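A.B. asks:
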Amino acid sequence: MTIAALTHAENALKEIEERNVMLEKNQEQTKSLNNNLQKYIKELESKRDTETKVVTAREDHSEKFVSEAVKVLEERLRDREAAYKELEEKLKRSGVDQEKHVLLNKIDSKDKRISFLDSKLTQLGDEVDKL
1 MTIAALTHAE NALKEIEERN VMLEKNQEQT KSLNNNLQKY IKELESKRDT ETKVVTARED
61 HSEKFVSEAV KVLEERLRDR EAAYKELEEK LKRSGVDQEK HVLLNKIDSK DKRISFLDSK
121 LTQLGDEVDK L
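No gaps in the numbering here: position 40 of the sequence shown is 40 in the UniProt record's numbering, and each next residue is one more.
#1: Answer with buried or exposed for residue 121, where buried requires no fewer than 16 other C-beta atoms within 10 angstroms of its C-beta.
#2: For residue 114, count the other beta carbons within 10 Å of its own beta carbon; 16 or more makes it buried, fewer makes it exposed. Which is it?
#3: How close, in whole Å, do the beta carbons of residue 73 and residue 51 come, if the pair is a contact with beta carbons under 8 Å?
#4: Does the distance from the CB of residue 44 to the CB of residue 110 come in under 8 Å?
#5: Just how far apart, CA to CA, sit residue 123 and residue 29?
#6: Output the distance between the C-alpha atoms of residue 53 and residue 117, rounded to the nearest integer angstrom.
#7: Would you decide whether residue 3 is buried or exposed? Buried here means 16 or more other CB atoms lie within 10 Å of its CB.
#8: Alpha carbon to alpha carbon, how far is residue 93 from residue 87?
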């Protein structure tokens with residue numbers, strides 16, 4: 001009877017250790033994903049800042065600048081969408097719901113800012129065309 005109880009206790013302990021290892025791996029994956037998303041957000045912010053500087057520096061150029069800026073923004077948009085899809089796939093695999101929502105909200109916020117800047121650039125181009 002004692003041997004059976006000891007065996008059962010050992011098996012239970014092994015299960016707990018295996019669960020602990022699995023949880024640690026999940027935690028590492030979550031941290032890695034979080035770091036990747038933070039890097040992606042910083043890259044988006046950097047790109048946005050760069051575009052803002054370009055817009056500010058070239059406000060006096062007319063159609064050529066606007067068309068170049070539109071091309072750059074469209075390319076960045078495609079890059080951002082591809083990176084966004086990749087991140088969505090990673091998030092689906094990780095299963096970290098709460099952090100996923102927080103980070104996606106941050107990305108959406110950054111996307112909205114970029115879209116706002118794009119619309120302002122379009123307005124600027126329209127105003128330049130009117131001049």
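We put the CB at the ideal spot given by N, CA and C, even for glycine.
Note that the structure is a prediction, hence the values are computed from the model and not measured.
C.D. replies: In terms of the structure at hand:
#1: Here residue 121 is taken as the residue at index 121 of the sequence shown, counted from 1. Counting the other Cβ atoms within 10 Å of the Cβ of residue 121 gives 16 or more, which makes it buried.
#2: Along the sequence shown, read from residue 1 onward, the residue named residue 114 stands at position 114. Buried, since its Cβ has 16 or more Cβ neighbours within 10 Å.
#3: For the purposes of this step, residue 73 is taken as residue 73 along the sequence shown, with counting starting at 1. For the purposes of this step, residue 51 is taken as residue 51 along the sequence shown, with counting starting at 1. 7 Å between Cβ atoms; contact.
#4: As a position in the sequence shown, residue 44 is number 44, starting the count at 1. As a position in the sequence shown, residue 110 is number 110, starting the count at 1. Against a cut-off of 8 Å, the Cβ pair of residue 110 and residue 44 comes out as a contact.
#5: As a position in the sequence shown, residue 123 is number 123, starting the count at 1. As a position in the sequence shown, residue 29 is number 29, starting the count at 1. Their backbone Cα atoms lie some 43 Å apart in a straight line.
#6: Position 53 of the sequence shown, counted from the first residue, corresponds to residue 53. Position 117 of the sequence shown, counted from the first residue, corresponds to residue 117. Going from the Cα of residue 53 to the Cα of residue 117 covers about 12 Å.
#7: Taking the sequence shown and counting its residues from 1, one reaches residue 3 at position 3. Label assigned to residue 3: exposed.
#8: Looking up residue 93 in the sequence shown gives position 93. Looking up residue 87 in the sequence shown gives position 87. Between residue 93 and residue 87, the C-alpha separation is close to 10 Å.
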